[in-house]
Amino acid sequence: MNKKFCNLENDPLFTIATSLDPRYKNKFFIDIVKDNVNTEIIKLALGLLNKNRSSSISSGKKPRNTKSIDDNEPSTSADYPTKSLITNLARILDSSSDGDNSGDETEPEDTILCQIKSQLKSYLKEKRISLNENPLDWWKSKAKFDKLTELARMYLSARPASVPSEQLFSAAGLI
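If you count the sequence shown from 1, you need to add 7 to reach our numbering.
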């Protein structure tokens, strides 16, 4: 038992899946592991949201009020810093920081990060469910944790046909 399970708290797959399971959450982790897991969940959720956002942009849905350097004419190396500065200044001025985000399709990364942290904190404060309840059904019913739901779905679902015993049966069948 010690040989097999002594390093489970160092395995991010195990710790993240355990933390995202509403039956267990961070119940059995020491404080350092809890902090590491929460930080990793925040990074993964932010990365997943950015990946989804960039895939929607690459599929043709370009956010309004954004220009890339490629939208401008080609620049020489001498005027690149100036154009880059002007492009970044234009992006800052185009984004509305005055609170009227009605025309923007994207949220600032700081806002998304705060939402993820808030949702994770709120999730961890909720009461754990009983052991015989389905954690995926629980996540499906909790719309208020929308930033964490996709991550939970990824970590709590079983991979098909990756079980070593299944592979052993397949190999035995071939022999």
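Cβ coordinates follow ideal geometry from the N, Cα and C atoms, glycine included.
Here the structure is a predicted model, which is why all the values come from computation and not from measurement.
query                                                                                                                                     : result
Is it true that the CB of LEU163 sits closer than 8 Å to the CB of LEU20?                                                                 : no
Grouping DSSP H, G and I as helix and E and B as strand, with all else coil, what is GLU157?                                              : helix
Within a Cβ cutoff of 7 Å, which residues of the same chain sit near LEU138, ignoring the five residues on either side of it in sequence? : ARG30
Does the beta-carbon of PRO70 have 16 or more other beta-carbons within 10 angstroms, so that it is buried, or is it exposed?             : Its pLDDT being 46, under 50, PRO70 is placed unreliably by the model, and nothing is read from it.
Hey, quick one: how far does the alpha helix (DSSP H) through TYR31 stretch, first residue to last?                                       : Careful: TYR31 lies outside any alpha helix (DSSP H) and carries neither H nor E.
So, under 8 Å CB-CB, ILE119 and LEU53 are touching, yes? Tell me the CB distance rounded to an integer number of Å.                       : 7 Å
Work out the CA separation of LYS10 and SER61 for me, nearest whole Å.                                                                    : 43 Å
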